[in-house]
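Participant: Sharing a structure with you now.
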Amino acid sequence: MKNNKNIFLIGGGEIANGETKDIDKIIVQSAARDSSFVFFGAAAGDAEGYGDAIIEIFGDYFNVTIATEAKGLAHAEEAINNASVIYLGGGNTELLMNLFKKWDLVKLLQKAAVRGAIIVGMSAGAQALSSWFIHEEDGRQEIRKGWGVISDNISILVHATKISFDDAKKISLDAEQKSNYQIYGIEERAAIKLDVDASDLEFIGKGRVWS
Numbered sequence: 002m003k004n005n006k007n008i009f010l011i012g013g014g015e016i017a018n019g020e021t022k023d024i025d026k027i028i029v030q031s032a033a034r035d036s037s038f039v040f041f042g043a044a045a046g047d048a049e050g051y052g053d054a055i056i057e058i059f060g061d062y063f064n065v066t067i068a069t070e071a072k073g074l075a076h077a078e079e080a081i082n083n084a085s086v087i088y089l090g091g092g093n094t095e096l097l098m099n100l101f102k103k104w105d106l107v108k109l110l111q112k113a114a115v116r117g118a119i120i121v122g123m124s125a126g127a128q129a130l131s132s133w134f135i136h137e138e139d140g141r142q143e144i145r146k147g148w149g150v151i152s153d154n155i156s157i158l159v160h161a162t163k164i165s166f167d168d169a170k171k172i173s174l175d176a177e178q179k180s181n182y183q184i185y186g187i188e189e190r191a192a193i194k195l196d197v198d199a200s201d202l203e204f205i206g207k208g209r210v211w212s
């Protein structure tokens, strides 16, 4: 049986600099001490420094595993299947989604979410978890499709500002969505904590969330 609000969608922020420490504390409180925590840094090219920062923040409480492409598919599958916390880091969303597609890991992630594992998406990770997200590049925005680990009724914009969120609302009107479609703009240092159905959610952190 899934837990309520076991999904964290973080809008951005430098974890190594403590910008997400209020959110990190809530993540720590959401799972048992010494339980398994797996980090995927594929969106950042498995940068060693990113993994080191994750260990620094969460390693005193959780048994942290860093899953990389070099460690292979079997390691990633075992880590997801046994994890109490699965953390998808920020960077390039396409890199992360391509790896999970190549290794067919999305279905395992969905099963983990349903069984109640804590699933955290930072920036690119949050976009991938969503059914729909607003991609920004060179001053332009477009709606793209994520994995759909959470409800298909919402779309998210990470690293949001009030201006970028207002722009995203305009393009979202053209999307082929259900009548109860909702868009959320998540500022850096902010997160949405929600269940897989997006029927129970709250805003956490020091940043803002627009809806």
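Numbering-wise (my numbering), the sequence shown opens with residue 2 and increments by one.
Where is the CB? At the ideal position from N, CA and C, for every residue including glycine.
(1) Under 8 Å between the Cβ atoms of Ile205 and Ile24?
(2) Per DSSP, what are the beta-bridge partners of His136 in this structure?
(3) Nearest by alpha-carbon distance to Lys6: which of Val210, Gly208 and Ala199 is it?
(4) In whole angstroms, what is the alpha-carbon distance linking Lys26 and Asp196?
(5) Which ranges does the alpha helix (DSSP H) cover as unbroken runs of at least 4 residues, wholly within the stretch 47–131, from first to last along the chain?
(6) Can you find the residues in the same chain that come closer than 8 Å, C-beta to C-beta, to Val113, ignoring five residues on each side of it along the sequence?
(7) Is there contact between the stretch 90–100 and the stretch 25–39, where contact requires at least three CB pairs shorter than 8 Å?
(8) Reducing DSSP to helix, strand and coil, say where Ala44 ends up.
(9) Taking all protein chains shown into account, do 16 or more other C-beta atoms lie within 10 angstroms of the C-beta of Gly46, making it buried, or fewer, making it exposed?
(10) Which residues in the same chain as Lys3 place their Cβ atom closer than 8 Å to its Cβ, once the five residues preceding and following it in sequence are excluded?
(11) Let me know if Gly208 comes out buried or exposed under the rule of 16 or more other beta-carbons within 10 Å of its beta-carbon.
(12) Which same chain residues end up closer than 7 Å to Ala48 when comparing Cβ atoms and leaving out the 5 residues on each side of it in sequence?
(13) If you draw a straight line from the C-alpha of Ile214 to the C-alpha of Gly122, how long is it?
(14) Have a look at Ala192 and Ala75 and give me their C-alpha separation to the nearest angstrom.
(15) Quick check on the burial criterion: 16 or more other C-beta atoms within 10 angstroms. Buried or exposed for Asp105?
(16) By a C-beta neighbour count over all protein chains shown, 10 Å radius and 16 as the cutoff for buried, is Glu15 buried or exposed?
(17) Looking at the unbroken alpha helix (DSSP H) that takes in Ile29, where does it start and where does it end?
(18) Who pairs with Ser37 in a beta bridge, going by DSSP?
Facilitator: Reading off the structure:
(1) yes
(2) Glu143
(3) Ala199
(4) 19 Å
(5) 49–59, 74–83, 94–104, 107–116 and 125–130
(6) Correcting the residue type first, residue 113 is Ala in the shown sequence and not Val. Hits under 8 Å: Ile81, Asn82, Ala84, Ile87 and Ile120.
(7) no
(8) helix
(9) exposed
(10) With a pLDDT of 47 at Lys3, under the threshold of 50, the modelled position of this residue cannot be trusted, and the question is left open.
(11) buried
(12) Gly42
(13) The structure shown has nothing for residue 214, since the chain only spans 2 to 212.
(14) 31 Å
(15) exposed
(16) exposed
(17) It should be noted that the sequence gives Val, not Ile, for residue 29. Lys22 to Val29 is the span of the alpha helix (DSSP H), which, as asked, contains Val29.
(18) Asn64
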